[in-house]
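The structure appears right after this line, and notes come after that.
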Amino acid sequence: MDTRTALIIALMLLTAVTIAGHSILQRLIRREEYFSKREVLISQNFVGVLIFAPLALIFEPSIRVPTPNLTVFWVGVAITTCANVIIQWANIQAISLTEASRVAPIQAMTPGIVVFVAMALGEYPSILGYAGIFLIMSGNYAHLREGAGWRSYFEPLFFWKLGRRILLAFFRSDVVLTDDEKGLGWAYLSAICGTIGLVGDSLTARSGSVTLGFTIHLVVLGLVFAVIVPRDTIKETGAFLSRLKSHGLLLVGMGLIFGTHVLLPLLAFRLAPVAYIGSLKRLWIIVAVLLAWMILGEKKALRRLIPATIVTIGAVILVFDPAQEKIIQHAFQLFK
Numbered sequence: 031m032d033t034r035t036a037l038i039i040a041l042m043l044l045t046a047v048t049i050a051g052h053s054i055l056q057r058l059i060r061r062e063e064y065f066s067k068r069e070v071l072i073s074q075n076f077v078g079v080l081i082f083a084p085l086a087l088i089f090e091p092s093i094r095v096p097t098p099n100l101t102v103f104w105v106g107v108a109i110t111t112c113a114n115v116i117i118q119w120a121n122i123q124a125i126s127l128t129e130a131s132r133v134a135p136i137q138a139m140t141p142g143i144v145v146f147v148a149m150a151l152g153e154y155p156s157i158l159g160y161a162g163i164f165l166i167m168s169g170n171y172a173h174l175r176e177g178a179g180w181r182s183y184f185e186p187l188f189f190w191k192l193g194r195r196i197l198l199a200f201f202r203s204d205v206v207l208t209d210d211e212k213g214l215g216w217a218y219l220s221a222i223c224g225t226i227g228l229v230g231d232s233l234t235a236r237s238g239s240v241t242l243g244f245t246i247h248l249v250v251l252g253l254v255f256a257v258i259v260p261r262d263t264i265k266e267t268g269a270f271l272s273r274l275k276s277h278g279l280l281l282v283g284m285g286l287i288f289g290t291h292v293l294l295p296l297l298a299f300r301l302a303p304v305a306y307i308g309s310l311k312r313l314w315i316i317v318a319v320l321l322a323w324m325i326l327g328e329k330k331a332l333r334r335l336i337p338a339t340i341v342t343i344g345a346v347i348l349v350f351d352p353a354q355e356k357i358i359q360h361a362f363q364l365f366k
């Protein structure tokens, strides 16, 4: 194994651990209601700036790409910022409504959705690509049918019925969803928007200074959430300093881990194709399910490990399919 390959693998394994760690800490904070959704979102982005800003100030000239393209760079920053407003809000909603081990496997849908987008652009997957999609869809289906009898696994149009119920709940008061269904709906929205975010991330990392771009990105996100997310009148009532004193290490630690897991794959984008990076980081799903069992005490997590492993294998298989990389090339040609 050469040094370059070893560095990529190390970056992505560390990325998997930090993404899982962030998810577990976020779930712990929200489950125990130490801090409100608004406080979590603002904190993780502004604390994340502490990771990026020093790098942008000190190392920016030496880590920018050899041939920067400012047009593509700013388009990439705009795309990833807009996508992450939805992604981060959907994630905090999902993790507040249902268990971390329930939410995590759904995030493996993103590589599969990327391939479907590539197909819409005329880039069809290879046999391995189809196999990866099949495993992702099968694993997610089994995950959604948790606890159901074996006959119900053959219920036709289950995905359609669940999706229809979630959509109808936004428009009809007579359709009442369980917290688990609401959490699943938010998790799927995050996975879908992750496709857009993946494109924006790679455009930013490949066309300019990754540290400068994501310092701006995180500052803007922190400000946006401070403005658009309403205050929790019950939680945010002058007791913030007291709660910060008691649980501040969790909040700051979550923010630092968040900033780290954003940085690592962006650096890896410089070394390997986006499909390779985007798929390998899905290993965090297995880590998150295990940590949910060990740290959060989620009793069903071990049972969820089977479908989580299936969808993760599917995501990793998509490493070998070139269709995802073609999306980035289309984006470069469109915006340069």
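Here this note's numbering is used: position 319 in the sequence shown is 349, and no number is missing along the way.
Cβ coordinates follow ideal geometry from the N, Cα and C atoms, glycine included.
Since we're looking at a predicted model, the values are computed, not measured.
Give me the residue from the options with the minimum Cα distance to residue i.
| i | options | result |
| --- | --- | --- |
| T110 | G224, L71 and Q56 | G224 |
| I54 | I81, H360 and A124 | A124 |
| I72 | L197, T208, L207 and H247 | H247 |
| G243 | P84, R60, L271 and I39 | P84 |
| G169 | G344, L348 and F365 | G344 |
| M284 | I59, L37 and L41 | I59 |
| N121 | S272, A322, R57 and T97 | R57 |
| T241 | I336, L37, I196 and F82 | F82 |
| T222 | V77, G106 and A138 | It should be noted that the sequence gives Ile, not Thr, for residue 222. Among V77, G106 and A138, the Cα nearest to that of I222 belongs to A138. |
| H277 | S66, L41 and F200 | S66 |
Taking just the CA atoms, how far does residue j sit from residue i?
| i | j | result |
| --- | --- | --- |
| F362 | L233 | 7 Å |
| E69 | I117 | 16 Å |
| I357 | I163 | 17 Å |
| M167 | L286 | 33 Å |
| P155 | V145 | 7 Å |
| D210 | L80 | 34 Å |
| R175 | L320 | 20 Å |
| A172 | A50 | 22 Å |
| A298 | G289 | 15 Å |
| Y218 | I143 | 11 Å |
| R132 | R34 | 35 Å |
| I340 | L165 | 6 Å |
| Q74 | V259 | 14 Å |
| L43 | L313 | 8 Å |
| G215 | H52 | 20 Å |
| T45 | A134 | 15 Å |
| Y64 | R261 | 15 Å |
Drop a sphere of 10 angstroms on the beta-carbon of residue i, count the other beta-carbons inside from all chains shown, and report buried for 16 or more, exposed for fewer.
| i | result |
| --- | --- |
| K275 | exposed |
| T48 | buried |
| L253 | exposed |
| M324 | exposed |
| K368 | The requested residue 368 is not part of the displayed model; the chain covers only 31 to 366. |
| V206 | exposed |
| T128 | buried |
| F255 | buried |
| I316 | buried |
| T140 | buried |
### Task
Report the residue ranges of all alpha helix (DSSP H) runs contained in full by the region 198 to 253; include only those spanning at least 4 residues, in chain order.
209 to 237
### Query
Which ranges would you report for the alpha helix (DSSP H) in the region 85 to 133 if only whole runs of at least 4 residues count?
Counting only runs of 4 or more, we get 100 to 127 and 130 to 133.
### Task
Could you name each continuous alpha helix (DSSP H) segment of 4 residues or more that falls completely within the region 306 to 345, going from the start of the chain to the end?
314 to 324
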